[in-house]
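Numbering (this note's numbering), first residue to last: 5 to 237.
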């Protein structure tokens, strides 16, 4: 089990702390050019900070999961007055586990035929438990196969985000063959038992495939700006 200082040096935890300091120092600006509630296009500086709320992020390291207390910022649109949350690149709405872990395990499940939901929640063939404040004890609850199932479902429920990413890639790199490459993925029949699950897996696969070319072309991730602008749909 890592010490508190060792936990604070984990790369994703360093990003969480950097984000936290930016929020507490009332910067940076919202970063969006379109209100996700009313769709109005406007200067990012016109959005006003509504509130900062507490949020606990769960960071897996080896066979333990560490809870990191931090915060998220909410902003208000000057036109419709509705508030919305702007998520950092390591977070998703309604999910406490950090996004890099969700992406890595979802990608591994889809790409490896022999990977199952049960094996996908193991680390070095051992269960993953929650760490506690007591270094000599662990939370006896461990990841269930349904954890990975839900992560893939979440990433597969963003078709508008995926379409927006593909449209931008197509505009920036027409004729490059990227779209054919992104659409070439095949889901092994062993991975699903229904058409609904097959669709979720395909959409998750396409989103994951689009992330690298999008990052390479635009120098930034699909998350959070593009996903927020697509209303996380």
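The C-beta atom is built at its ideal place from N, Cα and C for all residues, glycine as well.
Neighbourhood of residue i by C-beta, 7 Å cutoff - its chain only, sequence neighbours within 5 removed
| i | result |
| --- | --- |
| residue 88 | 40, 41, 78 and 79 |
| residue 227 | 93 and 103 |
| residue 127 | 66 and 67 |
| residue 61 | 20, 72, 74, 95, 100 and 102 |
Beta-carbon contacts of residue i that lie in its chain and below 6 Å, excluding the five residues immediately before and after
| i | result |
| --- | --- |
| residue 151 | 125 |
| residue 106 | 155 |
| residue 54 | 78, 79, 80 and 87 |
Candidates the options: closest to residue i by CA position
| i | options | result |
| --- | --- | --- |
| residue 98 | 148, 113, 45 and 155 | 155 |
| residue 161 | 203, 11 and 54 | 203 |
| residue 34 | 167, 23, 225 and 49 | 49 |
| residue 218 | 196, 183 and 121 | 183 |
| residue 90 | 179, 115, 56 and 134 | 56 |
| residue 133 | 224, 10, 69 and 205 | 69 |
Residue range of the alpha helix (DSSP H) that includes residue i
| i | result |
| --- | --- |
| residue 171 | 163-176 |
| residue 222 | 199-222 |
| residue 44 | Element bounds for residue 44: n/a, residue is neither H nor E. |
| residue 20 | 15-28 |
| residue 232 | 229-233 |
Segment limits, beta strand (DSSP E) that includes residue i
| i | result |
| --- | --- |
| residue 89 | 87-90 |
| residue 156 | That residue, residue 156, is in no beta strand (DSSP E); its alpha helix (DSSP H) goes 149-159. |
| residue 134 | 133-135 |
Other residues of its chain near residue i: CB distance less than 8 Å, five sequence neighbours each side excluded
| i | result |
| --- | --- |
| residue 165 | 211, 226, 230, 231, 234, 236 and 237 |
| residue 38 | 44, 45, 46 and 233 |
| residue 110 | 152, 155, 156, 159, 208 and 212 |
task = Please determine if the region 5-16 and the region 57-67 are in contact, where contact requires at least 3 C-beta pairs separated by less than 8 Å.
result = yes
query = Would you call the region 133-147 and the region 208-223 touching, i.e. three or more CB-CB distances under 8 Å?
reply = no
task = Identify every run of the beta strand (DSSP E) within the region 63-127, keeping only runs that are complete inside it and at least 3 residues long; order them along the chain.
result = 68-80 and 87-90
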